[in-house]
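Residue numbering for the sequence shown follows the working numbering, starting at 30 and increasing by one per position. Notes to accompany the following structure.
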Amino acid sequence: MDSVSPFDQVQLLAEYADLRQRAAALDEQVPACLQRISDKLPRISGESELADHYRSLLVGARSKALVSIENYHEAIPYLQTAESLIVQLNSHPDGQAEARGELLDRLDELIDAAVGMIDLAEQCFGDAQATDPDAVPPSILDAPLHPDA
């Protein structure tokens with residue numbers, strides 16, 4: 030996805046802010062989802078078709094959550110570099126159009142790269158969430174690891 034014209038600083042800054050917000054949301058939500066899956070998975074017991082089915086679903090969901098984490102973590106250096114460029118942009122007077130243009134062009138490239146990673150992270154997180162660990166029938170579960178939970 031191409032961002033806006035490399036010289037539209039306001040739009041680029043808005044895209045950057047949106048990406049930071051999306052990455053922060055993933056950073057907050059995905060580990061909790063992964064923990065719920067990881068807590069339930071070892072409790073599935075027995076060798077039945079039903080147990081195998083739910084084990085497979087949760088293993089797939091755990092994998093998707095891990096891929097989500099990997100992707101948003103890969104986007105972080107791009108976002109940090111973009112932040113550094115924004116600081117540089119703010120220190121260049123408007124009269125230095127060529128230098129500002131180069132910074133904006135680089136910012137656009139960084140945002141475009143990060144968008145793909147964040148999009149994939151969100152897609153994988155959505156896939157992981159599609160499997161509800163609480164849907165595992167109690168009949169195939171061992172006693173909870175944390176009885177108070």
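For each residue, glycine too, the CB sits at the ideal point set by N, CA and C.
A contact between stretches requires three or more CB pairs, one per stretch, nearer than 8 Å, and the stretch 65-85 fails this requirement with the stretch 118-132. For Ile73, DSSP records a beta bridge to Leu170. For Gln58, the secondary structure class from DSSP, reduced to helix, strand or coil, is helix. Here Ser113 is exposed: its Cβ has fewer than 16 other Cβ atoms, across all protein chains shown, within 10 Å.
By the criterion of a C-beta distance shorter than 8 Å, Leu87 is surrounded in its chain by Ile66, Lys69, Leu70, Ile73, Thr160, Pro162, Val165, once the five residues flanking it on both sides are discounted. Pairing Leu133 with Tyr101 gives a Cβ-Cβ distance that is not under 9 Å. Here the alpha carbon of Tyr107 sits roughly 20 Å from the alpha carbon of Leu95.
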